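Read through the structure below, which is laid out as structure tokens, and then see the notes.
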């Protein structure tokens, strides 16, 4: 258990607010929450999400509502277990938390997309976007692709990060790699605006908001659940597709990811025929977004966590993916053929 969450308090809150008791096990995932598996007996396993910062609960409630909205329209999402008084979040005690169906027999898509997964992920994504386009919070529109990135802000983040490393008296191997990578990516930033300018205006609508591989649960080649929706907010459709279709771990796996991405888009358009998404737009927005992001290059500056090695490996994969996408845009004619 983390220092922030006392096991006895969590057990009491589960019993008092949800009428659930059982064995509690920490799940080492989550950046803004502490996550736990609750085994309450045969066929009764739950996923408990404990919120570290109660000031964000209005956003968390909005995210839960978007999850429910998507689920009611056929998107596979875990079911929410309301409190005994019918609330979505319990926040009257020492712990603020929500309780969800545990997605049995599933794994995240962090091992990458391959084989039949491309089409099934594309179909679910198309279904999700078709319905989220109807969400009352925002009417779908189009925007210039250059609105994807705030390049002056990205440049400032890189400059601050580079200075932070240069002011250290000595660098270990991870820190030296992070500095070299930050310098390399900083030097590539001038290429981001031209590749975005090469695109026509792009579709923008309410989307999941964080469709990275850890938030897509797979059971074999099937999508078991889409998790961790963000509060309703407009996003570039091509960017959201790139988050999962151009996932760094997929690109780093050595598979023919560009062919797979084409299969994903074919399946996407079968479920969402009103929206045509160009292959080049997906790769371009994926490349631009990754080049403009410093994540997780600051990790070596912080005390190591339990997932430090995995985060560093992800940093390596993410940098290689950015360079490969940039090279594909320069040299691979397939991005212009679809």
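Numbering (this note's numbering), first residue to last: 22 to 359.
We put the CB at the ideal spot given by N, CA and C, even for glycine.
Note that the structure is a prediction, hence the values are computed from the model and not measured.
In this structure residue 284 is in contact with residue 140, their Cβ atoms being roughly 5 Å apart against a cut-off of 8 Å.
Residue 184 sits exposed, since fewer than 16 C-beta atoms from the chains shown fall within 10 Å of its C-beta. Comparing alpha carbon positions, the residue from 304, 68, 54, 175 closest to residue 76 is 54. Separation of the CB atoms of residue 255 and residue 159 is rounded to 5 Å, and the pair is thereby assigned contact status at 8 Å. The beta carbon of residue 270 sits closer than 8 Å to the beta carbons of 131, 132, 133, 234, 335, 338 from its chain, once the five residues preceding and following it are set aside; these are given in chain order. Residue 230 sits buried, since 16 or more C-beta atoms from the chains shown fall within 10 Å of its C-beta. When only Cα atoms are considered, residue 198 and residue 330 end up about 13 Å apart. Every beta strand (DSSP E) of 3 residues or more that sits fully in the region 184 to 262 is shown, in chain order, as 223 to 227, 237 to 240, 243 to 247, 255 to 257. Its chain contains 43, 44, 66 as the residues whose beta carbon lies nearer than 6 Å to that of residue 60, once the 5 sequence neighbours on both sides are disregarded; these appear in chain order.
Every unbroken stretch of the beta strand (DSSP E) spanning 3 or more residues and falling wholly within the region 115 to 151 is given here in chain order: 118 to 122. Taking 8 Å as the upper bound for CB-CB distance, residue 311 and residue 342 are in contact here, some 6 Å apart. Note that the C-beta distance between residue 39 and residue 111 is below 8 Å. Judged by their CB atoms, residue 220 and residue 166 are nearer to each other than the 8 Å cut-off.
The straight-line gap separating the alpha-carbon atoms of residue 355 and residue 242 is approximately 25 Å.
With a cutoff of 8 Å on beta-carbon distance, residue 69 and residue 252 are scored as not near each other.
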